[in-house]
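> For what it's worth, the numbering used here labels the leading residue of the sequence shown as 20, then goes sequentially.
From the three backbone atoms N, C-alpha and C, an ideal C-beta is built for every residue, glycine too.
Being a predicted model, the structure only gives us computed values, none of them experimental.
Let me give you the structure first, and then I'll get to my questions.
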Amino acid sequence: MKRFSKKRFPRLSTVIATIVVVIGLYLLVANGAGLKLNFNALLCLACAAIYAIYIIASDILSKKHLVTFSVSIWQLGVAGGEGLIFGGLLDGVTLPQTTSQWGAVLALGLICSAFGFVAQTQVQHYLAPDTVGLIYSLEPIFSAIFAFLTLGEVLSGQQYFGAAIIFLSVVASEIVKARWPRAES
Numbered sequence: 020m021k022r023f024s025k026k027r028f029p030r031l032s033t034v035i036a037t038i039v040v041v042i043g044l045y046l047l048v049a050n051g052a053g054l055k056l057n058f059n060a061l062l063c064l065a066c067a068a069i070y071a072i073y074i075i076a077s078d079i080l081s082k083k084h085l086v087t088f089s090v091s092i093w094q095l096g097v098a099g100g101e102g103l104i105f106g107g108l109l110d111g112v113t114l115p116q117t118t119s120q121w122g123a124v125l126a127l128g129l130i131c132s133a134f135g136f137v138a139q140t141q142v143q144h145y146l147a148p149d150t151v152g153l154i155y156s157l158e159p160i161f162s163a164i165f166a167f168l169t170l171g172e173v174l175s176g177q178q179y180f181g182a183a184i185i186f187l188s189v190v191a192s193e194i195v196k197a198r199w200p201r202a203e204s
């Protein structure tokens with residue numbers, strides 16, 4: 020019970036930034052002028068909510084256990100196992116056929132997945148979960164940039180506005196934290 024007595028509510032700036040990020044994400048995934056959500060957009064928003072829960076759970080584990088590398092390995096193993104099971108059930112499992120396909124699988128597996136799981140868990144030991152969540156809210160912006168650079172995809176004005184308010188809210192929240200740090204009790 021003492022663990023919960025040290026908990027703090029997020030800063031008002033963090034709460035506001037989180038609300039603005041959700042609005043920005045909505046603008047990024049909603050379709051057209053009617054701002055309608057299709058099934059895929061709803062899945063994107065649901066995944067963002069589930070990822071927020073994951074960040075909080077990861078924060079608790081990383082603060083409780085100093086050996087976070089093993090937690091990272093378990094996370095990677097569970098994610099890989101789930102991917103293999105659901106991929107096999109829904110689409111079948113096939114091995115890559117070309118060198119470039121193997122390169123893509125290795126790059127995604129080692130850099131994006133393995134490094135991502137290990138780095139996040141290691142760093143989260145030192146950062147507040149709201150900071151981690153806000154940093155990860157920038158992921159759709161980087162996805163849009165890479166989609167533009169690699170596939171030539173272009174965002175609509177609404178999507179650019181959503182990306183801009185996500186970025187600006189994260190920056191503003193972090194500036195507030197840096198300029199006016201909380202006193203530790």
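Does the contact criterion of 3 or more C-beta pairs under 8 Å hold for the stretch 185-199 versus the stretch 102-114?
Result no; under three Cβ-Cβ pairs closer than 8 Å.
> Going by Cα to Cα distance, which pick from G107, L174 and W93 is closest to F161?
Taking only the C-alpha atoms, the option nearest F161 is L174.
> For F136, count neighbouring Cβ atoms within 10 angstroms of its own Cβ and tell me buried if that reaches 16, exposed if not.
Per the 10 Å Cβ criterion, buried.
> Could you tell me whether the Cβ atoms of Q120 and S77 are closer together than 8 Å?
Cβ atoms of Q120 and S77: not closer than 8 Å.
> Which residue comes first and which comes last in the alpha helix (DSSP H) that contains L187?
From DSSP, the alpha helix (DSSP H) with L187 extends over G176 to R198.
> Kindly indicate which residue of T117, G102 and Y155 has the alpha-carbon position closest to the one of H139.
The residue asked about is misnamed: residue 139 is Gln in this sequence, not His. Among T117, G102 and Y155, the Cα nearest to that of Q139 is on Y155.
> Around the Cβ of Y181, are there at least 16 other Cβ atoms within 10 angstroms (buried) or fewer (exposed)?
Checking the sequence shown, residue 181 turns out to be Gly, not Tyr. Its Cβ being crowded by 16 or more others within 10 Å, G181 is buried.
> Could you spell out the range, first to last residue, of the alpha helix (DSSP H) harbouring I154?
From DSSP, the alpha helix (DSSP H) with I154 extends over P148 to Y155.
> Could you tell me the alpha carbon to alpha carbon distance between E101 and W93, rounded to whole angstroms?
Spanning the two alpha carbons is a distance of roughly 12 Å.
> Does the beta-carbon distance from I184 to I42 come in below 8 Å?
Their beta carbons are under 8 Å apart, which means I184 touches I42 by this criterion.
> Determine whether the beta carbon atoms of L31 and L44 lie at a separation below 8 Å.
In this structure, L44 does not lie closer than 8 Å to L31 by Cβ.
> Comparing C-alpha positions only, which one of A49, A126, T33 and I38 sits nearest to Q178?
Looking at the Cα atoms, A49 is the closest of the given residues.
> With a threshold of 6 Å on Cβ separation, who are the neighbours of P159 within its own chain once the five nearest residues in sequence on each side are excluded?
L47, listed in sequence order.
> Would you identify the three-state DSSP class for T37, choosing helix, strand or coil?
T37: helix per DSSP, three-state reduction.
> So, helix, strand or coil for P159, using DSSP?
Three-state result, P159: helix.
> Going along the chain, which residues of its own chain have a beta-carbon closer than 8 Å to the beta-carbon of I75, five neighbours each way excluded?
Around I75: P148.
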